[in-house]
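Please read the structure below before turning to the comments.
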Amino acid sequence: MDYCPHTPEDIAQMQAAIGIGGIEELFADIPQKFRLREIPGMPAALSEQEIWERMKAQSEKNRAPRATLTGAGAYHHFIPAVVNSIVGRAEFYTAYTPYQAEISQGILQAIYEYQTMIASLTGMEIANASMYDGASAMAEAAVLCVRMSNRSKIAVARSVHPQYRRVLQTYLWANGCTLTEIPWLPAGQIDPPALSAALDKETAAVIVQSPNFFGCIEDIGPLADAAHQQGAMLIAGFTDATSLGLLKPAGESGADFVVGEGQSFGNPLNYGGPYLGIFAAREKYLRRIPGRLAGATVDQNGRRGFVLTLQTREQHIRREKATSNICSNEALCALAAGVYLAALGKNLDKLAALNIHKTQYLKRRLLQLEGWREIFSAPVYNEFALACPDARSVNEKLHKEGIVGGYELSKDYPELDNALLFCATEMLSKEDMDRVVEILK
Amino acid sequence: MELLFEISKPGRSAVQVPASDVPTVNLGEAIGAKYLRGDLDLPEVAQIDLVRHYTNLSRRNFGVDLGFYPLGSCTMKYNPKINENIAALPGFTDLHPLAPEAFAQGSLELMYDMQTLLSALFGMTDFTLQPAAGAHGELTGVMMIKKYFEKRGEKRRQILIPDAAHGTNPASGALCGFETVTLRSNAEGGVDLAHLESLMTEDVAALMLTNPNTLGLFERNIEKVAAIVHGRGGLLYGDGANANAYLGKTRPGDLGFDVIQLNLHKTFSTPHGGGGPGSGPVGVGKKLVDFLPVPRVVKNGAAYSLSEDFPDTIGRVRAFYGNFNVIVKACAYLRSLGAEGLRRATEMAVLNANYIQEKLKPHFDLPYDRICMHECVFSGSRRAAETGVHTTDVAKRLIDFGYHPPTIYFPLIVPEAIMIEPTETESKETLDAFCDAMITIAKEAKENPQRVKDAPLSTPVGRLDEVLAARKPDVCWKKS
Chain X
1 MDYCPHTPED IAQMQAAIGI GGIEELFADI PQKFRLREIP GMPAALSEQE IWERMKAQSE
61 KNRAPRATLT GAGAYHHFIP AVVNSIVGRA EFYTAYTPYQ AEISQGILQA IYEYQTMIAS
121 LTGMEIANAS MYDGASAMAE AAVLCVRMSN RSKIAVARSV HPQYRRVLQT YLWANGCTLT
181 EIPWLPAGQI DPPALSAALD KETAAVIVQS PNFFGCIEDI GPLADAAHQQ GAMLIAGFTD
241 ATSLGLLKPA GESGADFVVG EGQSFGNPLN YGGPYLGIFA AREKYLRRIP GRLAGATVDQ
301 NGRRGFVLTL QTREQHIRRE KATSNICSNE ALCALAAGVY LAALGKNLDK LAALNIHKTQ
361 YLKRRLLQLE GWREIFSAPV YNEFALACPD ARSVNEKLHK EGIVGGYELS KDYPELDNAL
421 LFCATEMLSK EDMDRVVEIL K
Chain F
442 MELLFEISKP GRSAVQVPAS DVPTVNLGEA IGAKYLRGDL DLPEVAQIDL VRHYTNLSRR
502 NFGVDLGFYP LGSCTMKYNP KINENIAALP GFTDLHPLAP EAFAQGSLEL MYDMQTLLSA
562 LFGMTDFTLQ PAAGAHGELT GVMMIKKYFE KRGEKRRQIL IPDAAHGTNP ASGALCGFET
622 VTLRSNAEGG VDLAHLESLM TEDVAALMLT NPNTLGLFER NIEKVAAIVH GRGGLLYGDG
682 ANANAYLGKT RPGDLGFDVI QLNLHKTFST PHGGGGPGSG PVGVGKKLVD FLPVPRVVKN
742 GAAYSLSEDF PDTIGRVRAF YGNFNVIVKA CAYLRSLGAE GLRRATEMAV LNANYIQEKL
802 KPHFDLPYDR ICMHECVFSG SRRAAETGVH TTDVAKRLID FGYHPPTIYF PLIVPEAIMI
862 EPTETESKET LDAFCDAMIT IAKEAKENPQ RVKDAPLSTP VGRLDEVLAA RKPDVCWKKS
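Chains as they are written, first to last, in the numbering used here: chain X, 1 to 441; chain F, 442 to 921.
In structure tokens, the structure reads:
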């Protein structure tokens, strides 16, 4: 199956117009010895029905979980029907980046509205049109701080998502910078004296997440002060974006940048992507931040309209002097997030509260199991870490019942042996949670 | 149009949150009052108003499904609907990325198949699917180049980039700490070999080459270019943005490329979503395979798994494994077309571009008059000098004829450039009508230039004041 409309007659007429005797003449610039006669290893074409049947069967090789108890950077939330109805409109999804503003007002206005809602949620003055995902948004913020300060060190809480720290390491290595990891206190929050001791005049930024990878909520204010005292910036991340509906935003506590994963806002789990990198900042950094920005302006008749603005920061104008190399972002995921946030509106705090109720219930029930105990005492949003007698066998039992269990923390933290990180969103019913406890009894 | 915030009214909502089926806790006690936020400033709209708002916004947006979209270098081909349906299968959408591998055999198999098919199609040793977009793939590729030389104990500080290259190339090089050096094009639009000879020292890590280049021209001297770069121990990086020109006709691996990034949202028909999500897989030859990002999908007997066991890896460039759902669509496309369909797509893409080039040549200046590949580039500088009608005016006028304008003012080496990429999914009738519109506009530029300069006249807003937008930035709405 191909999608070319050309009939043999069309091809003949077009060849005649160009003045060639055959299609192969169009490829004359490819040296003869490099021209393929066939594509080794490429299967034959399939009809629409065949591809549907084969790939549907492939999707069914995945096991549909009866319940998912893992968060750890990706969160299972309900997606209201309006979200897919809107992002499924071809006017949106078959468009390119809105370079021609007059015929792209739809996506430009939607992005402007998204930026406004994200800034408000994070407690910042500005937000960009999106980054690739939470991890790359964090890494770009770190690189930005390094460039702005001419310093070469980043301090990151060890309680930041392990994969995010790995991405940070990659980006910082490429820029000749170093990453220092700051331990946590028994409560599960960052260790402030250890942080202060690690900071010096070479530290460009401090990075924390709140809630952090263990679900614990951090006290951002003092951390921002500690960073600022050394002339460093504070980059605050978060785990589940729905927490922003209820928790005090880092922007109100002195963060310079708020970055994180926006998948929770209307985007499916999708086995890891596409997701949505949220990037919000203080206004003074507007001309330095990476990524696209939609801005309001007027046309010659004074009518309000929207354009991609401050493009002189970007690679297609500034080339090697650009603030980043990012070009395509995650516009359609940002559109989904915008529709989701507008649909939930002020009910986002109720949703966040529901996540807390479920989480507290699951935690309480699991703690009734013999030999299970809490690892950290700090308040949590919708994730928490528990120690248990045998983490592997817990997950094996749950997997057998079709349930995605907790995240085994020893994979990234050898000192946290037999520790599981659980997540409870609104998608877990009381019945699901009771069943989990029954299975593990 | 009004903003969401302007139609918001206290007390309305579009969706409700279910009541709790578990005992509720006191939030102040469970979380602590100091961690709770005050006001939540989000819009309050009824569902019907929300749907009308976004539906009306969609009507102010132009996509491939509405009309011809010859945006050069962006490969705006038709996005087959079956691919969307396949990607929406719950087996693919509802799986958590950290679900046990036993739950994810379908997804892992799909990724493994995709890596294998892409390796065959591009003549590379292996692929990573992790990068989220083309520029992210470039960054990943340049990082691997950096690691390669680090491993060899060589300090090479420069990367060569042709003057015609996409801006992402120098930006990606800079983001890895390289100094970028500009390589000149020659009179026929290819690499200036003498200049390459003189720049290619042992301080140069790589040449980043787009082939065909941004003029839509295939590098005839590719063998010599590769020999010069490799002769001094450098690596040849391929920007795969223009891969739609040669699928099934030649393979970058055979041409001497050591690494290449793709744009699945261009070549492999996944919709671009108004600016993403894209997907930017990176293929490597033997020299770089050890440096691929982790995790990598591996096959052990009949089972698939994710492995981090590659000690020389650059690490991760994002969380999880890539834009998986985009990869599903690209895989559906690739397998639908098969060997035969891929070749035909390439042939029709190149035929379409040459047909447009030939039809418009008498009316628009063609700076490099030779057979092009998947796109053609005209210059509007003579028209601008003679009539005052610039390329941007021609582009805006095309909107009135129902077309998305081509890419303009790029590549930078062509003054007043108009870069047209029709793709293979457009019919002869569509191309004829588009060429007629272009010819009409060329006439208007002579006879009634003001009409062209006033365009577009058919859109909800006219030309927008970009200077104002940049001078007094307003990127978030504030209550006045």
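Each residue gets a CB set at the ideal place from its N, CA and C atoms; glycine is no exception.
Since this is a predicted model, take the numbers as computed values, not measurements.
- Item | Chain-ordered neighbours of F709 (chain F) on chain X, where CB pairs are closer than 7 Å | Ordered by position in chain X, no residue passes the 7 Å Cβ test against F709 (chain F), which lies about 12 Å from the chain.
- Mind pulling the chain F residues with CB within less than 7 Å of A90 (chain X)? G504, D506
- Closest Cβ-Cβ distance between K400 (chain X) and chain F: below 8 Å? no
- Any chain F beta carbon closer than 8 Å to W184 (chain X): no
- Please check if any C-beta of chain X sits within less than 8 Å of the C-beta of F765 (chain F). yes
- Proximal residues of chain F, C-beta to C-beta of Q32 (chain X) below 9 Å: Correct list: empty, because the minimum Cβ distance to chain F is about 10 Å.
- Message: For R304 (chain X), which residues in the same chain have their Cβ closer than 7 Å to its Cβ, ignoring the five residues on either side in sequence?
- Response: A296, V298
- Using Cβ-Cβ distances below 9 Å, what residues of the stretch 909 to 920 of chain F are close to chain X? L909, A910, A911, K913, P914, D915, V916, C917, W918, K919
- Report back the beta-carbon spacing between A576 (chain F) and C327 (chain X) to the nearest angstrom; my notes put them in contact at under 8 Å. 4 Å
- Task: Answer yes if the stretch 352 to 365 of chain X comes into contact with the stretch 90 to 100 of chain X, meaning at least three C-beta pairs across the two stretches below 8 Å, and no otherwise.
- Result: no
- Query: What is the rounded straight-line gap between the Cα of L807 (chain F) and the Cα of K592 (chain F)?
  - Reply: 46 Å
- Query: Taking the C-alpha atoms as reference points, what is the distance between L454 (chain X) and L223 (chain X)?
  - Reply: Look at the range of chain X in this structure, 1 to 441, and you will see that residue 454 (chain X) is not part of it.
- Message: For D219 (chain X), list the residues DSSP reports as bridge partners.
- Response: The partner list for D219 (chain X) (beta bridge, DSSP) is empty, contrary to what the question assumes.
- Message: How far does the beta strand (DSSP E) with I278 (chain X) in it extend, from its first residue to its last?
- Response: 277 to 281
- Query: What residue does the alpha helix (DSSP H) around T312 (chain X) start on, and which one ends it?
  - Reply: Where T312 (chain X) is concerned, there is no enclosing alpha helix (DSSP H), given that its DSSP letter is neither H nor E.
- Query: If L778 (chain F) sits next to M1 (chain X), beta carbons under 8 Å apart, how far is it from one beta carbon to the other, in whole angstroms?
  - Reply: 7 Å
- Could you check which residue in X:K153, X:W184, X:P186, X:Q189 has the C-alpha nearest to that of L172 (chain X)? X:K153
- Item | At least three beta-carbon pairs within less than 8 Å, the stretch 263 to 273 of chain X to the stretch 529 to 547 of chain F | yes
- Taking 8 Å as the CB-CB cut-off, is G756 (chain F) touching chain X? yes
- Alpha carbon to alpha carbon, how far is Q599 (chain F) from T787 (chain F)? Give it in angstroms, no decimals. 34 Å
- Query: Can a CB atom of chain F be found closer than 8 Å to the CB of A385 (chain X)?
  - Reply: no
- Query: With a Cβ-Cβ cutoff of 8 Å, do M552 (chain F) and I755 (chain F) count as a contact?
  - Reply: no
- Query: How close, in whole Å, do the beta carbons of F257 (chain X) and A226 (chain X) come, if the pair is a contact with beta carbons under 8 Å?
  - Reply: The pair is not a contact, with the Cβ atoms about 16 Å apart (cut-off 8 Å).
- Thinking R63 (chain X) and A543 (chain F) are a contact (beta carbons under 8 Å), I'd like their distance in whole angstroms, please. 7 Å
- Item | Cβ pair count under 8 Å reaching 3, the stretch 123 to 136 of chain X against the stretch 248 to 255 of chain X | yes
- Determine, using beta carbons only, whether R365 (chain X) and A387 (chain X) come nearer to each other than 8 Å. no
- Under the DSSP definition of a beta bridge, which residues are partnered with I425 (chain F)? Look at the range of chain F in this structure, 442 to 921, and you will see that residue 425 (chain F) is not part of it.
- Is there a Cβ from chain X that is less than 8 Å from the Cβ of R598 (chain F)? no
- Between the Cα of G221 (chain X) and the Cα atoms of X:E38, X:E252, X:E438, which residue gives the shortest distance? X:E252
- chain X contacts made by the stretch 469 to 486 of chain F, where a contact means CB separation under 7 Å: A471, I472, G473, Y476, L477, R478, L481, D482, L483, P484, E485, V486
- Query: The beta strand (DSSP E) with Q599 (chain F) in it runs from where to where?
  - Reply: 599 to 603
- Item | Within chain X, the residues that V791 (chain F) reaches when beta carbons sit closer than 9 Å | I23, L26, F27
- Skipping 5 residues on each side, what residues in its chain have a beta carbon closer than 7 Å to that of K920 (chain F)? none
- Query: When the Cα atoms are used, what is the spatial distance from P736 (chain F) to F751 (chain F)?
  - Reply: 9 Å
- Query: Quick one: does N685 (chain F) have its CB under 8 Å from some CB of chain X?
  - Reply: no
- Item | Closer than 7 Å at the beta carbon, the chain F residues around K61 (chain X) | Q546, G547, E550
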